[in-house]
Structure formats: C-alpha cells, structure tokens
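> All residue numbers for the sequence shown refer to the UniProt record's numbering, where the first residue is 1 and numbers rise by one. The beta carbon of each residue, even a glycine, is placed where N, CA and C say it ideally should be.
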Amino acid sequence: MAVHEPRRTAAPSLWRGMRPYARQVAGLLTIGSLCGLLMNTAVVLPAVLLGHAVDTVLAHDRGAVNGGAVTRAVLLLIAGTLATEIPRIGKRYWLGVCRNRIKANVRADAVRGVLSWPADRLHRTSVGEVMGRVVGDVEVLGRGVGEVIVETWDTLLFSLALAVAMLIYDPSLGLLALAPVPIALALAKAVGARVSRRTLRAREANAAVTTFAQEGLTGLRALRASGRGGAYAARLRALAVEQADAELAAARLEAVLAPVYTLLVTSGVLAIIGVGGGRVIAGELSVGDLVALLGLFGRFTGRAFRIPQMVNRVQAAGVAYTRLAPLLATPPPLAAEPRRASWLTDRIAGMPDDDPPTPRLPVPSPRAGPAEVSLRRVTFAYPGAGTPALRDVTLDIPPGALVAVTGSVGSGKSALARLVAGLYPPGTGQVTVDGVEPHAWPPRNRDSVGYLPQGHPVFSGTVADNVLLHDPGQPADRARLDEALTVAALKEEVAAMPAGACTGIGELGVQVSGGQRQRIALARSLAAPALRPRLLVLDDPFSALDLQTEVRIIGALRAAVGPDAPAEHRATVLLFSTRLASFPCAELVVVLDAGQVAEQGSHEALLGSGGLYARIFQAQRHARQTPVMAGPPPGVDQ
Numbered sequence: 001m002a003v004h005e006p007r008r009t010a011a012p013s014l015w016r017g018m019r020p021y022a023r024q025v026a027g028l029l030t031i032g033s034l035c036g037l038l039m040n041t042a043v044v045l046p047a048v049l050l051g052h053a054v055d056t057v058l059a060h061d062r063g064a065v066n067g068g069a070v071t072r073a074v075l076l077l078i079a080g081t082l083a084t085e086i087p088r089i090g091k092r093y094w095l096g097v098c099r100n101r102i103k104a105n106v107r108a109d110a111v112r113g114v115l116s117w118p119a120d121r122l123h124r125t126s127v128g129e130v131m132g133r134v135v136g137d138v139e140v141l142g143r144g145v146g147e148v149i150v151e152t153w154d155t156l157l158f159s160l161a162l163a164v165a166m167l168i169y170d171p172s173l174g175l176l177a178l179a180p181v182p183i184a185l186a187l188a189k190a191v192g193a194r195v196s197r198r199t200l201r202a203r204e205a206n207a208a209v210t211t212f213a214q215e216g217l218t219g220l221r222a223l224r225a226s227g228r229g230g231a232y233a234a235r236l237r238a239l240a241v242e243q244a245d246a247e248l249a250a251a252r253l254e255a256v257l258a259p260v261y262t263l264l265v266t267s268g269v270l271a272i273i274g275v276g277g278g279r280v281i282a283g284e285l286s287v288g289d290l291v292a293l294l295g296l297f298g299r300f301t302g303r304a305f306r307i308p309q310m311v312n313r314v315q316a317a318g319v320a321y322t323r324l325a326p327l328l329a330t331p332p333p334l335a336a337e338p339r340r341a342s343w344l345t346d347r348i349a350g351m352p353d354d355d356p357p358t359p360r361l362p363v364p365s366p367r368a369g370p371a372e373v374s375l376r377r378v379t380f381a382y383p384g385a386g387t388p389a390l391r392d393v394t395l396d397i398p399p400g401a402l403v404a405v406t407g408s409v410g411s412g413k414s415a416l417a418r419l420v421a422g423l424y425p426p427g428t429g430q431v432t433v434d435g436v437e438p439h440a441w442p443p444r445n446r447d448s449v450g451y452l453p454q455g456h457p458v459f460s461g462t463v464a465d466n467v468l469l470h471d472p473g474q475p476a477d478r479a480r481l482d483e484a485l486t487v488a489a490l491k492e493e494v495a496a497m498p499a500g501a502c503t504g505i506g507e508l509g510v511q512v513s514g515g516q517r518q519r520i521a522l523a524r525s526l527a528a529p530a531l532r533p534r535l536l537v538l539d540d541p542f543s544a545l546d547l548q549t550e551v552r553i554i555g556a557l558r559a560a561v562g563p564d565a566p567a568e569h570r571a572t573v574l575l576f577s578t579r580l581a582s583f584p585c586a587e588l589v590v591v592l593d594a595g596q597v598a599e600q601g602s603h604e605a606l607l608g609s610g611g612l613y614a615r616i617f618q619a620q621r622h623a624r625q626t627p628v629m630a631g632p633p634p635g636v637d638q
C-alpha cells in the first residue's frame, strides 16, 4: 500500500528543505569548513614544494647549491604536507559528524511527522512503506547531503585550488589538461534523469519488500499453522528479485559511469606528458616544473572524477527527499535549542537533554474533573470504505459515568471508540469532549486521556517500558506503575517475573501470555498519560481474560477512576466489549446494531425491556452456566 501524498504542483526542493538542518549544525559546519579552507589553501604546497625539492637536488648535483639548501627543501616539503593533512583530518571528522547529525535529525523529524498524522492517513499507509522511507530513503538522502558537505571541500575546492595552481604554473598546459572536465560534467547532467528514475524504482522496490516482510513476520505463526509459509516465501522471493534487479540497475549505471568519468578526467595527463615533455627537451620548461605539474594534476585527478559522481548522488538524494518530504514534521525552532547546540556532536534537535537521565513528569495542571462526552448525529465511514461504520449516532455521556457499549461484530463499537479518542474526525455530525472536538486536540491536550485500542499492541522492552512508555526513574513514576498494574490485575504476576517490572517481554510481547499482553496494554492506558486520566476509552479490554479476572479489573477500575473513586480521581470511562459480564456495573449501557444506537439505558432497564441487550445477556449467562459435556452429542452411538 503506498503513501498517499497531498497533491503537489512541483517536487519539493532538496536545497530549500535542507536549510533548517544545515542551521541545526551550523557550529559543526563552521569548524569543518574552516579546516577545509585551511586544507585547500595548503593543498598545492606538497606538489609545488616537491618540484622545488627536485630542482634543488638537481642544482646540488651541478654544484650550484650546498647540502643545507637540500635539507631546507626537504623540510619545507614535510611542512607543506603536514599543513595539508592535519586540517584534512579535522575537516573529515567535523563534517562527517555534521552529516550524521543531519541524517539523525531528518529521521527524527520523519518519525515525529508520522506520529502527528491523522488516523485516516495512517489507515491508508502501510507500515513497511513508512519504514522504507524512514530507514532507506534517509540513507540515500544522507549520502547525497554528505557528498555536498564533504565533497564541497574534498573535491570542489580541492580541485579548484589545484586547477588554478596548474593554470598559474603554465596556462597552456593547464588548459589542455583540464579540457576533458567539462565533458564529464555535461555527461553527468545528461544522465541525471536516468539516475533519478533508477533510484526511484530501487526505493519503491525496497519499500515493497519491507512492507511484505513486516506483514509476514507479524503473522508468522498463522502462516506456519496454515501451511502457507512456502507460498509466502515464494512471494517474498519474487519481490526480493524485483528489488535486486532495481538496485542492480542503479548500481550498474553508477559502475559504468565511474570509469567513464575517471577516463575523461585523467586523459589530460597525456597532454602534460606529451606537450610538457617536449618543452622540457626544448629547454622551455624545467624538470622540476614538469614534476610539479604532474604532481598537481595527479592530485587533481585523484578527486576531480568525483565531481560528476557527486552530481549523480545529489540527483538520487533529490529523489529520496521527494519521497521523504510528505513525512517530515516541521524542524524544531532553533530558539528552543540549548546554547551551543549546533556545536555538539551528539545532539538531535528537539530531543530533551540527557541530564537528568530519566524524563521528568510534567507539572500537573489543576484537574477539571471527569470529561463530558457528546455525539450529535454522527455518521462515519473509514477511508476507502463504501459503507458507514456509524449512522446518525447521538449520545450524551455525563462526566464521571461508567458507560458500557456492546453490539455484534461490525456494529461500529471500535469506530465509536476511535471517534471519542480523537483518532478520526466524524464524516458528518459532531463529537465533543468538554465542548471541544477531540480530533483537533493538540498533543498537550491528550495528557489526560487514556486509550486502549483493539488489538492491544505492546512493544519490545520491559513491562515498565510498556506501561509508562519510559523508564520508571522517579518515585512518582513507580507509584503510577504500581497503581496501573494493580488495576490491571497484574501486580502479583509481574512481581513473580525474574526482574519484576524490569523483565523484558520480547518483540510484540512474545514472552508473555495473551492475557498478560492485554493487561499490560490496559495498564498503559491508565499510566502512560502524563496526568491522571479524565477520559478512559477501553476497546475490547477483556477478550483474552477469564471471567474472574474481568470481574477483579472492573472492581479495581471503579475504585481507581470510576464511581467508587475519590472525586479528584474520577474519570469518564467508556468500555466497549462483546462480553457482558461486567455490564451490570455500568451506569449506562449502549447497544449498537449496524452502526446505529439500538438501545440505551441502565442494565436493569434494558433487561426488563426484553430487547436485544436482554437476549444477548441471557444467552451469555446461559452459556457460562451450561457445563461442557464430554462424549458424543446426543443421539450419536458410541
């Protein structure tokens, strides 16, 4: 599934897009550039001083100078070499750090951008496609940006300084030697469109493989259990072959161009040897001058062939940036950065300082009490769906209420939960929480909302990491962790784990049971918000639990944030479930059918009405009370 981009009139500009990232590392860029300037000022010295040393040695052989002059010439050659190489080391270090910081900042902004996407955009975009862009395209972009940052000094100015020195030394020979360089640059420009096309094809093929592999590995158990692993592997192999073909096509083009550039750039040596050698024989040029020219041109050809390569890599980086631009959040303002942040080697813009090592809790603002939720004639359909998931839904949920919502599969329970949590805007009608549409909340307004999505995702890391979404470094963190684990009926089980709450649960929670994964996700909805929740939206929180555990959790929820909690701790709780064992504890029961509110009222009133809710409740109670009999069904002979 591709990322659906907003309509654009033109491709985003690589140079305009990279300006904020260059400003974030301005200090490092300054140090590296100064080193590059020193290096390129001194880069002609070794070749010139080598020619001077050769002429001095020849003069010494003729008796024109003494041994001291030879010693001074050698020492000058060593000093000239050091004057070039020491700044080169500094330049490569500082500009290399600068390049890596830019890559890290771009990747961080891409992740921040994806986190801020509305749910309908997330719904249309595959995880693998996003991964391909955040990982692979950032690498391609980093190579192009690195070419500009590093090669500006290593190649452009380096080659320019050497070319100017050759022209000063001997204009006619210099022009002859440099004549093929414009041809190489024209070739690089001419093949730019082909480089861009092959780069784009390679990046798209990489995204397809990443998407398919991610989906297959997530459902690996199902593939193995159904015996479809072979078919999946064959499809993955076909996609991998397509990726290999695309990347090989791009690599082949680069491999063909590299020797062509080298051949064009180095062909000038023939002019220096042929024409320059004749002038030495004619006495118009000294041997030392010829050696100096050859030395200058030798150093020139050692880097100049990279100029057209740099052009091609920047063209590829432009393709990568075009794919990345729709993901990127606005770079953090420089005014919010610490002093001298642009000089630091390990700083990622917008990230909190590492001192203290654990994040501090935000200072709680005064609680406004439990939230009031209202829906007015809401109709909603998922992006791309032809049938609405909800139709003309109107509900009023008073502050502090415990509301239970049920309905058959596909009745719209999860859609309603996502609307109240602010993940989607309604198609028509209005959803408000305390008078504000939740889908328009800025991130800071979500500090007091707990949401447990259907599917109950968990992350790699420890139990504590999953519940708090950061390390429990402070007493207040640990208290919230303990309370959340207690409400989720997990405290005793976590205490029995090898490292308690610091026990790792494996990727996607593979090292804990399904019920434990569900309760870890439930605990997160209570503890991860920065403030004690004012609104708690729980979508299918008990599907993997036994009845006794469900009853314990409902009682703990009522005592922690529900009707039995202290007034300052109360929250409005919306519970969405097809299991009705806990519904008698709710103050309001809502029954959905085909996306509409079929019934609503108290548990007792709905039972007394004998409607849909009463039939479902009685059927489930009968199923719980009917023992499962061993042996064949009635009427079947043994």
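Rounded to whole angstroms, what is the Cα-Cα separation between V195 and N312?
Near 7 Å, if we compare the C-alpha coordinates of N312 and V195.
> By alpha-carbon positions, which one of A528, L175, M18 and E599 ends up nearest to V393?
For the residues A528, L175, M18 and E599, the minimum Cα distance to V393 belongs to E599.
> What three-state label does DSSP hand E5 in the structure shown?
A caution first: E5 carries a pLDDT of 46, below 50, which makes its placement in the model unreliable, though a value can still be read off. Of the three classes helix, strand and coil, the one that applies to E5 here is coil, per DSSP.
> V201: which of A177, P182 and A250 sits nearest, CA to CA?
Val is not the amino acid found at residue 201; the sequence shown has Arg there. Taking only the C-alpha atoms, the option nearest R201 is A250.
> Report back the beta-carbon spacing between L452 and S525 to the nearest angstrom; my notes put them in contact at under 8 Å.
About 4 Å; that satisfies the 8 Å criterion.
> Run through DSSP, which three-state label would F617 get?
F617 falls in the helix class under three-state DSSP.
> Mark E492 as exposed unless 16 or more other C-beta atoms lie within 10 angstroms of its C-beta, in which case mark it buried.
E492 comes out exposed.
> With DSSP collapsed to three states, give me the class of V599.
Rather than Val, the amino acid found at residue 599 in this sequence is Glu. If DSSP states are grouped into helix, strand and coil, E599 belongs with the strands.
> Closest to R377 by CA distance: which of P426, A404 and W343 is it?
Among P426, A404 and W343, the Cα nearest to that of R377 belongs to P426.
> Just list the residues that DSSP pairs D593 with in beta bridges.
Answer is Q596, bridged to D593.
> Across the stretch 267-276 and the stretch 226-238, are there enough close Cβ pairs to call them in contact, namely three or more that are closer than 8 Å?
Contact fails: fewer than three Cβ-Cβ distances are below 8 Å.
> P369 by DSSP, collapsed to three states: which one?
The residue you asked about is not Pro; residue 369 is Gly in the sequence shown. Here G369 sits in coil by DSSP.
> Do the stretch 37-45 and the stretch 70-83 meet, that is, are 3 or more Cβ pairs less than 8 Å apart?
Flag = yes, the stretch 37-45 and the stretch 70-83 touch.
> Decide if N66 is buried, meaning its Cβ has at least 16 other Cβ atoms within 10 Å, or exposed.
It is exposed - the Cβ of N66 has fewer than 16 other Cβ atoms within 10 Å.
> Write down every uninterrupted run of the alpha helix (DSSP H) in the stretch 164-234 whose length is 4 residues or greater and which is fully enclosed by it, in chain order.
If we require 4 residues or more, the alpha helix (DSSP H) runs fully inside the stretch 164-234 come out as 171-178, 181-190, 192-218 and 220-226.
> Rounded to whole angstroms, what is the Cα-Cα separation between L176 and D55?
For L176 and D55, the distance between alpha carbons rounds to 24 Å.
> Pop quiz: A47 and G277 are said to be a contact at Cβ under 8 Å. What is the actual Cβ separation, rounded to whole angstroms?
That belief does not hold up - the Cβ atoms of A47 and G277 are roughly 18 Å apart, past 8 Å.
> So is residue 647 buried or exposed if we call it buried at 16+ other beta carbons inside 10 Å?
Nothing about residue 647 can be reported from this structure: the residues present for the chain run from 1 to 638 only.
> If distances are taken between C-alpha atoms only, which option among T503, V256 and A614 comes closest to V191?
Answer by Cα proximity: V256.
> My guess is that L328 and G555 are in contact by the Cβ rule of under 8 Å, so how many angstroms apart are they, rounded?
Not quite, the Cβ-Cβ distance comes to about 47 Å (not below 8 Å), so this is no contact.
> Using 8 Å as the threshold, is the C-beta distance between M166 and F297 below it?
In this structure, F297 lies closer than 8 Å to M166 by Cβ.
> For T387, which of helix, strand or coil comes out of DSSP?
Coil, per DSSP.
> Quick one: what does DSSP say T503 is sitting in, helix, strand or coil?
If DSSP states are grouped into helix, strand and coil, T503 belongs with coil.
> Per the DSSP calculation, I397 is bridged to which residue(s)?
Answer by DSSP bridge pairing, in chain order: V373.
> Under three-state DSSP, which class holds H622?
In the structure shown, H622 sits in a helix (DSSP, three-state: H, G or I).
> G407 bridges to which residues according to DSSP?
Note: G407 sits in a beta bridge opposite L592.
> Just to confirm, is the Cβ distance from A119 to R552 under 8 Å?
Not closer than 8 Å, so no.
> Taking the CB atoms as reference points, tell me whether residue 691 and A567 lie closer together than 8 Å.
Since the first and last residues shown for the chain are 1 and 638, residue 691 lies out of range.
> Among A581, T262 and G146, which one has its Cα closest to the Cα of T406?
Taking only the C-alpha atoms, the option nearest T406 is A581.
> Please determine, among D546, A186 and E284, the residue with the shortest C-alpha to C-alpha distance to S172.
The option with the nearest alpha carbon to S172 is E284.
> What are the complete beta strand (DSSP E) segments, minimum 3 residues, inside the stretch 554-594?
Counting only runs of 3 or more, we get 572-576 and 588-593.
> I need the DSSP call for T330, collapsed to helix, strand or coil.
In this structure, T330 counts as coil in the three-state DSSP scheme.
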